[in-house]
Amino acid sequence: DTYKFTDDDAENYDFYLGPLIFQPYGEYLAAHIDTNSVKNVLELACGTGRVTQFIRKAVPPDTELWATDLSGDMLAIAKRRLNDDGITFKTEDIQNLSFADNTFDLVICQFGMMFLPDKQQGFNEISRVLKPGGKFMCFTWDDTSYNPVFRLLVNELLLPYFPGEDTSRFFTPFSLHNPQQLDAWMQNAGFKNVSVDKVALKSGKTSIDHIETGIYRKHPLGRAIREKEPSAFESVAQKFREGLVQQFGDGDISFPMSALLTIGVK
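Its first residue numbered 417, the sequence shown is counted upward by one per residue in the numbering used here.
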């Protein structure tokens with residue numbers, strides 16, 4: 417799996433990508449939680465806890481917060497980073513949640529639904545564990561055409577090395593960008609008042625070096641090039657770097673990002 421992060425990958429993912437692309441959306445999401453009468457919250461695909469920290473601050477101190485992920489490596493980093501008694505960490509598969517029906521007031525999933533083999537089953541399970549009247553909030557990435565750093569790396573630089581192959585694996589994180597499809601899965605799972613809105617934010621500010629290392633050199637995307645055509649690894653890195661400077665300038669930069677926020681009530 418191109419985007420499976422374990423061991424060192426999980427550490428790199430947290431260090432390089434956490435503040436850069438996940439934190440801005442985590443802050444946004446937490447700021448839009450309606451905290452009235454929220455007694456228990458379930459976070460799915462919490463990763464390294466970048467969103468979890470903002471949820472914990474946003475909801476009342478006595479709110480029960482479960483932070484779950486399929487990857488034990490990711491959870492270990494979240495646990496270590498947050499070190500918070502007010503959070504229960506647990507390994508969970510979104511398609512087969514271990515919680516009872518009607519358990520949570522709020523379920524949150526930032527950038528996790530794209531990776532489910534059976535997406536409808538995931539939405540169904542989320543609906544099942546929510547209390548009637550409970551809310552689901554979910555971010556999925558927009559198409560790469562609205563995420564210029566990934567458009568540059570994936571569409572323009574990587575794809576030419578995989579002619580005639582099924583390259584859909586490179587687009588998995590950006591595969592849930594159709595509002596009608598998201599709406600249909602939500603409606604089928606029994607959600608009401610469904611809204612799907614584009615949210616454009618700026619990334620965290622950092623150096624070209626940091627972006628090149630985090631999104632290419634120490635990222636599974638870079639590994640895909642190294643495995644396919646080892647001699648091209650450095651030239652792709654160079655072109656990626658040049659493209660970034662051309663689009664966003666040199667020094668510390670911030671780049672535009674786009675995602676879809678899907679919300680529904682059970």
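Each residue gets a CB set at the ideal place from its N, CA and C atoms; glycine is no exception.
Other residues of its chain near ALA675: CB distance less than 7 Å, five sequence neighbours each side excluded = TYR441, PHE555, THR556, TRP557, ASP558, VAL615
Determine the closest residue to GLU508 out of LEU498, GLY528, VAL681, LYS644, with distance taken between C-alpha atoms.
-> GLY528
Reduced DSSP category for ALA483 - H, G, I as helix; E, B as strand; rest coil = strand
Return the residue from the list ASP517, PHE505, PRO564 that minimises the CA-CA distance to PRO672.
-> PRO564
Is ALA516 buried or exposed, if buried means 16 or more other CB atoms sit within 10 Å of its CB?
-> exposed
Taking Cβ positions, are GLY550 and LEU522 nearer each other than 8 Å?
-> yes
Considering only residues of the same chain and omitting the five flanking positions on each side of ASP534, which have a CB-CB separation below 7 Å?
-> GLN511
Given that a residue counts as buried once 16 or more other Cβ atoms are within 10 Å of its Cβ, and exposed if not, what is GLN469?
-> buried
Classify ASN518 as helix, strand or coil using the three-state DSSP reduction.
-> coil
Taking the alpha-carbon positions, what's the TYR419 to TYR429 distance?
-> Interpretation of TYR419 is limited by its pLDDT of 48, a score under 50 that renders its predicted location unreliable; no figure is taken from the coordinates.
Where does ARG496 land, buried or exposed, given buried means 16+ other C-beta within 10 angstroms?
-> exposed
Entirely within the region 450 to 484 and at least 3 residues each: give me those beta strand (DSSP E) ranges in chain order.
-> 456 to 460
So who's on the other strand from THR556, going by DSSP bridges?
-> LEU676
Among GLU658, THR629, VAL545, SER543, which residue has its Cα nearest to the Cα of ASP425?
-> THR629
Boundaries (first-last residue) of the beta strand (DSSP E) holding LYS621 = It is not in any beta strand (DSSP E) - LYS621 carries neither H nor E in the DSSP assignment.
Touching by the beta-carbon criterion (3+ pairs, under 8 Å), the region 451 to 459 and the region 429 to 438 = no
Terminal residues of the beta strand (DSSP E) in which ILE503 lies = 503 to 507
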